[in-house]
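Written out below as structure tokens is the structure these notes cover.
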Amino acid sequence: MEIFALIGESGTGKSHKALLIAHKYNINYIVDDGLLIRKDKILAGHSAKKDKNRIQAIRTAIFEESSHAHEVIDVIKKAKPTKILVIGTSVRMIDKIIKTLELPPPYQNCYICAQLKGQVLQSYLYLKEKRSFPEQ
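Numbering (my numbering), first residue to last: 2 to 137.
Structure representation (structure tokens):
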């Protein structure tokens with residue numbers, strides 16, 4: 002299984018750009034804000050966007066509650082995807098999600114940033130090939 006990571010601050014358009022990256026790299030599964038998504042269908046999890054405060058939303062997004070994590074892990078194990086795109090706001094967040102969901106280290110990281118040019122917010126993607134991890 003290959004893991005791709007999309008990393009960027011809140012409001013940079015990660016969820017929108019994820020669809021472009023998924024298409025480009027033929028990735029059918031996305032982990033985003035506490036959800037496991039295949040194409041346009043939510044397969045497991047619950048959305049951090051529905052949480053009442055920011056702290057709880059972060060906990061949901063990193064699958065801190067074990068029942069939430071196991072729901073997603075079970076679906077991943079049954080589906081046996083070849084590629085998954087994991088979306089987060091930092092490398093640390095991605096690493097927490099990957100560890101919690103028992104996924105291998107990312108094959109490729111894609112960083113997104115946004116800047117205001119005139120009155121238009123433009124997003125830019127930066128790719129970083131293969132993060133090196135020590136053998137575990």
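Glycine included, C-beta positions come from ideal geometry on N, C-alpha and C.
Span of the beta strand (DSSP E) around residue i
{"i": "residue 43", "result": "42–46"}
{"i": "residue 104", "result": "Segment: none, residue 104 is in no beta strand (DSSP E) and carries neither H nor E."}
{"i": "residue 8", "result": "3–8"}
{"i": "residue 33", "result": "30–33"}
Buried versus exposed call for residue i [16 or more other C-beta atoms within 10 Å across all chains shown]
{"i": "residue 12", "result": "exposed"}
{"i": "residue 54", "result": "exposed"}
{"i": "residue 51", "result": "exposed"}
{"i": "residue 21", "result": "exposed"}
{"i": "residue 34", "result": "buried"}
{"i": "residue 56", "result": "exposed"}
{"i": "residue 40", "result": "exposed"}
{"i": "residue 25", "result": "exposed"}
{"i": "residue 100", "result": "exposed"}
{"i": "residue 18", "result": "buried"}
{"i": "residue 123", "result": "Its pLDDT being 46, under 50, residue 123 is placed unreliably by the model, and the measurement read from it follows with that caveat. With fewer than 16 Cβ atoms within 10 Å of its Cβ, residue 123 is classed as exposed."}
Residue nearest to residue i in terms of C-alpha spacing, selected from the options
{"i": "residue 27", "options": "64, 60, 2 and 93", "result": "2"}
{"i": "residue 73", "options": "25, 37 and 84", "result": "37"}
{"i": "residue 107", "options": "101, 90, 86 and 78", "result": "86"}
{"i": "residue 83", "options": "95, 18 and 23", "result": "23"}
{"i": "residue 63", "options": "81, 102, 78 and 6", "result": "102"}
{"i": "residue 80", "options": "10, 45 and 67", "result": "45"}
{"i": "residue 31", "options": "65, 66 and 89", "result": "89"}
{"i": "residue 110", "options": "76, 104 and 92", "result": "92"}
{"i": "residue 65", "options": "10, 77 and 49", "result": "49"}
Residue span of the alpha helix (DSSP H) that contains residue i, given as start and end
{"i": "residue 22", "result": "15–25"}
Cβ separation of residue i and residue j, assumed to be a contact under 8 Å, to the nearest whole Å
{"i": "residue 113", "j": "residue 15", "result": "6 Å"}
{"i": "residue 71", "j": "residue 61", "result": "Their Cβ separation, rounded to whole angstroms, is 14 Å, which puts residue 71 and residue 61 out of contact at 8 Å."}
{"i": "residue 105", "j": "residue 8", "result": "Residue 105 to residue 8, Cβ: 17 Å. No contact."}
inquiry  = So within the region 40–86, which uninterrupted alpha helix (DSSP H) runs reach at least 4 residues, ignoring any that extend past its ends?
reply    = 55–62 and 67–80
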